[in-house]
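Data block below; observations after.
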Amino acid sequence: MMPSYLSVAENISAIGFLLSTSFCLFVIFVTLCLIGESMGTYRYLIVLFQISGIIFSAFDAALHPTIHNYNDGFIVFTTSKDFKKETVDILLAILSGMYYANLCIIAIQFVYRYWGVFHVSKLRYFKSWRILLWIGYIFVTFTANFFSIFYFAKIDKYSENYFKDVLSANYNLTISEISGYTLIIYDKYGNVRWFNLCYFINSAMIMVIQYCIIIYTAYSLRKNMKIVMRNGSNSLQKMNRQVLKALIIQTLTPTILFLAPIIISFLITFFHLDINVPSGIFACALSFYPAIDALILMFIVSVYRNVFRRIATWN
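No gaps in the numbering here: position 185 of the sequence shown is 185 in full-length UniProt numbering, and each next residue is one more.
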C-alpha cells in the first residue's frame, strides 16, 4: 500500500509548496507596494506571517512528514534521505515549532486589532524596537516546541519496538530508515511515559494560550463591532471589518481542516483504542496551509481582491 501512498503524499506537499509560495508572495507584494501606510505597522505582521508560511511550506515539502496512529501511540516520520538522519530529526522539530509559531503570529495579529480599537495607546508596543518583544514571543513559542520534541518525543527503544512491525507491515520500512518522533503516553504495563507526557503538556499549553488570546480578542471585537466601525474614514472602517473577518476565517479554516485531525491524533493515545490508521494525509496537506491563509486574505480584503481580479482578467 504505502510506498505509493508516500509518493502521493510527496506530490501533494510539492503542489502545496508551489501554491503557498505563489499566493504568499502575491500578498507580500500587494501589502508592501500597493497598500502603503493605510494598515500601519500591521502590514509588517501580515508580511511576517506570509514569509513564515513560505518557509513552513518549504520545510513540509522537503520533509513530507507522515503521521501514523497505532493503538496507544502515534509516530511522525519521514523517509527523506537528503540530509543525515540527525539533521532530519532537527528539521522535523523545526517544522513542528514553525507550525506553533504561525499560530502565535495569528494571535499577535488579533492583539494588534484589539488594541487598535480598545487601547490605541498600546499600539506603541508594535513600533520601533518594541516589535522585537513580539518577535521574542514568537521565538520563545518556537523554541519551547522545538526542544520539547527534540528531548521529550525522540524515538527510544520502547517506541522502536512498538512501531517496528507497523512500519514494516504498512510502509515496508524499517525503523532505521526513518527519522521522526513519537507519542506513547502509556507503556504496555499501563505506566506513564513521563517524557512523552511532558511533550504532550507542552504542546497543549502552547496551543491553549494562543487560542485563549484569539478567542478573547475575537469575541470582544465581534461584540463591539460598532466601535470598530467608528474608527477612521469609511475606507479604513471597511478595511478594519474585512481584516477582522479574514483573521477569524484564517483561524477557523486551518483549525478545522488541519489542526483538529492532529489534535484527535494526540488525544486518542489516551483511550487505549485498537487502531492502525495512516493519518499522514493531514501532515502532507499542511503545505497548503499558507496558501489557504493567503487566499482568505485575497478574497475577503477588497484591496487584495481587486488586484487579484485585475491580474486574473488581464489580457
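Using N, Cα and C, we set each Cβ at its ideal position, and we do this for glycine too.
Predicted model, so just to flag it, every value in this text is computed and none were measured.
Contact belief for residue i with residue j at Cβ below 8 angstroms, rounded distance in angstroms
i      : j      : result
Ala101 : Ile75  : About 23 angstroms; that fails the 8 angstroms criterion.
Asn11  : Ile275 : The Cβ separation is near 26 angstroms, so there is no contact.
Phe200 : Thr182 : With a Cβ gap of about 11 angstroms, Phe200 and Thr182 do not count as contacting.
Ser80  : Ala58  : Incorrect: roughly 13 angstroms between the Cβ atoms, too far for contact.
Ser20  : Phe288 : 7 angstroms
Thr41  : Lys127 : 6 angstroms
Lys122 : Trp115 : 4 angstroms
Nearest-angstrom Cα separation, counted from residue j out to residue i
i      : j      : result
Ala312 : Phe26  : 12 angstroms
Ile106 : Tyr44  : 13 angstroms
Val140 : Ser52  : 15 angstroms
Leu132 : Ser148 : 24 angstroms
Asn145 : Tyr186 : 21 angstroms
Val117 : Gly136 : 24 angstroms
Asp89  : His119 : 43 angstroms
Lys157 : Met205 : 27 angstroms
Leu267 : Thr66  : 18 angstroms
Ile213 : Ala169 : 43 angstroms
Outcome for residue i when other beta-carbon atoms lying within 10 angstroms are tallied against a minimum of 16
i      : result
Met1   : Any reading at Met1 must be qualified, since the residue scores a pLDDT of 48, below 50, and its modelled position is unreliable; no value is offered.
Thr174 : exposed
His64  : buried
Trp194 : exposed
Asn196 : buried
Phe56  : buried
Ile262 : buried
Gly190 : exposed
Leu18  : exposed
Leu259 : buried
Three-way DSSP call (helix, strand, coil) for residue i in this model
i      : result
Tyr112 : helix
Phe146 : helix
Leu123 : helix
Tyr189 : coil
Phe271 : coil
Val88  : helix
Thr78  : strand
Leu259 : helix
Which whole runs of the alpha helix (DSSP H) in the segment 10–68 are 4 residues long or more, in chain order? 42–63
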